[in-house]
Structure formats: structure tokens, C-alpha cells
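K.L.:
Chains as they are written, first to last, in the working numbering: chain A, 1283 to 1400; chain B, 41 to 152.
#1: Give a yes or no on whether the minimum CB-CB distance between residue 1310 of chain A and chain B is below 8 angstroms.
#2: With a threshold of 8 angstroms between beta carbons, is residue 88 of chain B in contact with chain A?
#3: Contact check, residue 1355 of chain A vs residue 1307 of chain A under 8 angstroms by CB: the rounded distance?
#4: Below 8 angstroms on the Cβ atoms is my guess for residue 1362 of chain A versus residue 1288 of chain A; work out the distance and round it to an integer in Å.
#5: Which of helix, strand or coil does DSSP assign to residue 81 of chain B?
#6: Quick one: is residue 96 of chain B near chain A, going by C-beta distance under 8 angstroms?
#7: Once you ignore the five residues that flank residue 1299 of chain A on each side, which residues in its own chain have a CB closer than 6 angstroms to its CB?
#8: Under the rule that 16 or more other beta-carbon atoms within 10 Å means buried, what is residue 1389 of chain A, buried or exposed?
#9: On the three-state DSSP scale, how would you describe residue 1353 of chain A?
#10: Using the Cα positions of residue 1309 of chain A and residue 1359 of chain A, report the straight-line distance between them to the nearest angstrom.
#11: Evaluate residue 58 of chain B with the Cβ neighbour count: other Cβ atoms within 10 Å of its Cβ, from every protein chain shown; 16 or more gives buried, anything less gives exposed.
#12: Strictly below 7 angstroms CB to CB, what residues from chain A border residue 194 of chain B?
#13: Are the beta-carbon atoms belonging to residue 51 of chain B and residue 149 of chain B less than 8 angstroms from one another?
#14: Cβ of residue 164 of chain B less than 8 angstroms from any chain A Cβ?
#15: Kindly list the residues whose CB is nearer than 6 angstroms to the CB of residue 164 of chain B, restricted to its own chain and excluding five residues on each side of it in sequence; keep chain order.
#16: Go ahead and pull the three-state DSSP assignment for residue 1285 of chain A.
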């Protein structure tokens, strides 16, 4: 069965601290996709990153970086020098493939609520 | 290019009433998804359309729920005989073939 676990329910940091959000997934597929979404207080889910299972390169985008490790089934997200505007709920998600190889629906973790205090 | 839009944003209804929500995807996105999100949880998949064809339905989608996507454009999600357990945020997402899903602002349903 497919599953995404975000063990950290809530994290609170002070501005400018670095913070890492953990994500562990379970799947039997060899081809799958991993995502991170941000849900600010306004409620709309904002896409951050998509990774396929064959690409284990870490990625950096500004203050955001992602560490994908197949050996531990983890896809962790780090925010460097956090800012108050980073306060939100962050969701990790997994998508397997439908027949024919196309990407399927998303399976979300329960989310991690990040509070960045000034 | 506008994003995914959903209407209404909020809906309060009495138990037993029927409700219908609308989703307008990003133009030219052939895939459309419906999810449900309850407080403190991640979104849960309900159903998926590729163009006008409904290709997958979750076991969460009881027979009181029906979704359509006529002509492969906008989609509607109807809940018949609403129950208090249906209270949730209903999210719509769209994507081009095999890419990331873009979410709308959601419709918050409260069943009293």
C-alpha cells in the first residue's frame, strides 16, 4: 500500500533559523513521483517541487532545498534562513503511475505546520 | 492565464440537502482531480477525469457523490442528502498530461 508519513506535526522556529521537514514514503512501484506543496493560512495549496523516482539528485531553489534518498524512502525539505512568510502547513505527497505510465492521483501526508516567529 | 477556480468558496447547508460545486481548471489542462480535506489532515483523493472521461474513483466517493466533466472543460461535484460527516474543504486540481497538479482555492462545506 502507498503511504506518506510526516512525523513532525508542528515545528516552531525563530526567523533566520534553518529548518528541515521530514517525509518518509512507502510504495511498491519502481516508478513514482514525489511532491511538496505549501498551504498558507489562506488555504490554497501551492506546488513547490516534483521529483521522479529515477532522479535522486538533490535540488536547490533559492532558500529551499530537497534531499531525496531512495535507500531510506525519504524526501526531506529544508528551508534555509527561514522567514515569517514561510509559516504554513507543508505537505509531502506521492503519486504512482497508472497503466501506461502516466502519473496518478496524489497521496498526501498529514502535513507539518511550520511557524516562523520574528 | 488564470489558475484553477472553484465556486462557491463557502457553502453552508442543512443535513439532507443536496449541494453542487463547480471547478474550472486551467485551460488546456486535460486532467482534473477532486480531493477532500478535513481539518488537520492532508487532502484525500476522490475522483479523476481525463478530458470528459471519469477514469478513477476512490472508495471515499459513496453513491451520494457524483462528479461530471461535460465536454472536458469545467467539472461539477454533487453531494446528495448531505451528512455532517461531509463537512470538509473540497479541492479541485488540474494538470497537463503527467505533470504536477495545480490546486484551486477550494470550497468549504459546512453541514449543519
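From the three backbone atoms N, C-alpha and C, an ideal C-beta is built for every residue, glycine too.
P.N.:
So, from the data block:
#1: no
#2: yes
#3: 5 angstroms
#4: Between residue 1288 of chain A and residue 1362 of chain A the Cβ distance is about 20 angstroms, and since that is not below 8 angstroms, they are no contact.
#5: coil
#6: yes
#7: 1364
#8: buried
#9: helix
#10: 19 angstroms
#11: exposed
#12: With chain B running from 41 to 152 in the structure shown, residue 194 of chain B is simply not present.
#13: yes
#14: Residue 164 of chain B is absent from the model: chain B starts at 41 and stops at 152.
#15: No information on residue 164 of chain B is available, as it lies outside the stretch 41 to 152 that chain B covers here.
#16: strand
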